[in-house]
């Protein structure tokens, strides 16, 4: 509603931006208000703060939605490989051998003592050959 007004001298007078009155609708609460500038989006500082927090929360949720499925899928694939015996390495450590055989660590060590499972030493580590572990199932 910008209107050129004539002042008492007869010259055209254009109101300053602070004198403008523009009817707008708040983008948060959808109430109608009179704005003093063309850039005003909110009816109050409170609506501005609430909308800011809402946008940040939505952005965080969107970020979680985008990242969680990838992490979840990678974790599920890794778990499936470990539990189903689809371990591609020829040699396995104690933890992988336990998962491959689906037994506890104590049971694995008992099988080693009985001579059913053969372990190989690599420095201070115990490793197991995959083909030897598979042979246990075939016997």
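Residue numbers (UniProt numbering): 1 to 139. Heads up, the beta-carbon is just placed ideally off N, CA and C, and yes, glycines get one too. Computed from a prediction, not measured in an experiment: that's the story for all the values here.
Contact check, residue 133 vs residue 101 under 8 Å by CB: the rounded distance? Mapped onto the chain shown, residue 133 falls at position 133. Mapped onto the chain shown, residue 101 falls at position 101. Right, the Cβ-Cβ distance comes to about 6 Å (below 8 Å), so this counts as a contact.
Checking the sheet assignment: what are the DSSP bridge partners for residue 122? Stepping through the chain shown from its first residue, residue 122 is reached at position 122. Per DSSP, the beta-bridge partners of residue 122 are 125.
Taking buried to mean at least 16 other C-beta atoms within 10 Å of its own C-beta, is residue 52 buried or exposed? Taking the chain shown and counting its residues from 1, the one referred to as residue 52 is at position 52. Exposed, by the Cβ-count rule.
Beta-carbon proximity list for residue 90, same chain, < 8 Å, skipping 5 on both sides: Here residue 90 is taken as the residue at index 90 of the chain shown, counted from 1. Exclusion of the five residues before and after residue 90 leaves 129, 130 and 131 as the residues of its chain whose Cβ lies within less than 8 Å of its Cβ.
Local conformation of residue 33 per DSSP, three classes: The sequence position of residue 33 within the chain shown is 33, counting from 1. In the structure shown, residue 33 falls within a strand segment according to DSSP collapsed to helix, strand and coil.
Residues near residue 34 by beta carbon distance below 8 Å, same chain, minus five either side: The sequence position of residue 34 within the chain shown is 34, counting from 1. So the list reads 21, 22, 23 and 24, once near-sequence residues are dropped.
Which listed residue (46, 30, 49 and 26) has its alpha carbon closest to that of residue 38: On the chain shown, position 38 is the one that residue 38 refers to. Nearest in C-alpha terms to residue 38, of all of 46, 30, 49 and 26, is 26.
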